[in-house]
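K.L.:
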Amino acid sequence: MIREMDSDYSSHSASLFNLVWFFRTPWFACGSFIIFLDVKIRPRVASHHFK
50 MIREMDSDYS
60 SHSASLFNLV
70 WFFRTPWFAC
80 GSFIIFLDVK
90 IRPRVASHHF
100 K
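Residue numbers in the sequence shown follow this note's numbering, run continuously in steps of one, and reach 100 at the last position.
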């Protein structure tokens, strides 16, 4: 029973790791794009806000 659960858990974590590996590059690109937009837009919004 325990061995069965252990093998099931290891296969599950392996598939989870594959998912993380698969989604890492798109998420990194999306995150850097969001940071780029934030850096570009936030100073304008702040200066517009505090004038």
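Don't be surprised by glycine CBs; every beta carbon is placed ideally from N, CA and C.
These numbers were taken from a predicted model, which means no experiment stands behind them.
At the level of alpha carbons, what is the spacing between N120 and S96?
P.N.:
Summary: the structure shown does not reach residue 120, with the chain confined to residues 50 through 100, and so no result is reported for it.
K.L.:
Where L86 and G80 are concerned, what is the direct C-alpha to C-alpha distance, given to the nearest angstrom?
P.N.:
One-based indexing of the sequence shown puts residue 86 at position 37. One-based indexing of the sequence shown puts residue 80 at position 31. One C-alpha to the other measures close to 10 Å.
K.L.:
Tell me the rounded alpha-carbon separation between I83 and K89.
P.N.:
In the sequence shown, counting from the first residue as 1, residue 83 sits at position 34. In the sequence shown, counting from the first residue as 1, residue 89 sits at position 40. Cα to Cα, the separation comes out at about 10 Å.
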